[in-house]
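Numbering (this note's numbering), first residue to last: 1 to 146.
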């Protein structure tokens, strides 16, 4: 029986920055994997491992973006980094809440909605703000930059 996905990837979300787009798709895939294990009530130990993988990959992605924005002297790099830090703190708190209350509870559903909503908001609203800057900085379409 086919399983539903939490995030259905859309090409409209692509920014045209190779490594960033690849990481965005990777994180969406990890979120979908986590959703599968939670919704099918499979292997609680796997859920914790996947949550940790999501957290680590988001940290890697945040660092990638922040380094790129600093390298290109994006005027809002600090604000973007602060939004990442705020999310990371909230993510850790929600992960702990989920672990404390059990992975097959309402906390799991809330956690998945939080991840989905943040991630789609990040891709669709926050990240597109810096694309024009990168295009100007590199002198061509961002896809050719990285």
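Glycine residues also receive a C-beta, built at the ideal position from the N, C-alpha and C atoms.
Applying the 10 Å Cβ sphere with the 16-neighbour rule, what's the burial state of residue i?
| i | result |
| --- | --- |
| residue 10 | exposed |
| residue 117 | exposed |
| residue 54 | buried |
| residue 108 | buried |
| residue 28 | buried |
Round the Cβ separation of residue i and residue j to the nearest angstrom and send it over; I've been treating them as touching at under 8 Å.
| i | j | result |
| --- | --- | --- |
| residue 69 | residue 77 | 4 Å |
| residue 98 | residue 87 | That belief does not hold up - the Cβ atoms of residue 98 and residue 87 are roughly 16 Å apart, past 8 Å. |
| residue 43 | residue 35 | Incorrect: roughly 14 Å between the Cβ atoms, too far for contact. |
| residue 103 | residue 47 | 5 Å |
| residue 31 | residue 115 | 5 Å |
Measure the alpha-carbon distance for residue i versus residue j and round it to whole angstroms.
| i | j | result |
| --- | --- | --- |
| residue 84 | residue 5 | 24 Å |
| residue 23 | residue 91 | 18 Å |
| residue 16 | residue 50 | 27 Å |
| residue 80 | residue 72 | 13 Å |
| residue 127 | residue 138 | 17 Å |
| residue 131 | residue 52 | 29 Å |
| residue 67 | residue 82 | 13 Å |
| residue 93 | residue 119 | 17 Å |
Report all residues from its chain with a CB closer than 6 Å to the CB of residue i; omit the five preceding and five following residues, and keep chain order.
| i | result |
| --- | --- |
| residue 133 | 74 |
| residue 101 | 107 |
With a threshold of 8 Å on Cβ separation, who are the neighbours of residue i within its own chain once the five nearest residues in sequence on each side are excluded?
| i | result |
| --- | --- |
| residue 64 | 19, 20 and 23 |
| residue 41 | 104 |
So, for residue i: in the same chain, excluding its five sequence neighbours on each side, which residues have a beta-carbon less than 7 Å away from its beta-carbon?
| i | result |
| --- | --- |
| residue 61 | 23 and 27 |
| residue 145 | The predicted model places residue 145 with a pLDDT of 42, which falls under 50 and marks its position as unreliable; any figure quoted below should be read in that light. Answer for residue 145: 17, 134 and 138, listed in chain order. |
| residue 56 | none |
Using a threshold of 8 Å, state whether the C-beta atoms of residue i and residue j are closer than that.
| i | j | result |
| --- | --- | --- |
| residue 13 | residue 124 | yes |
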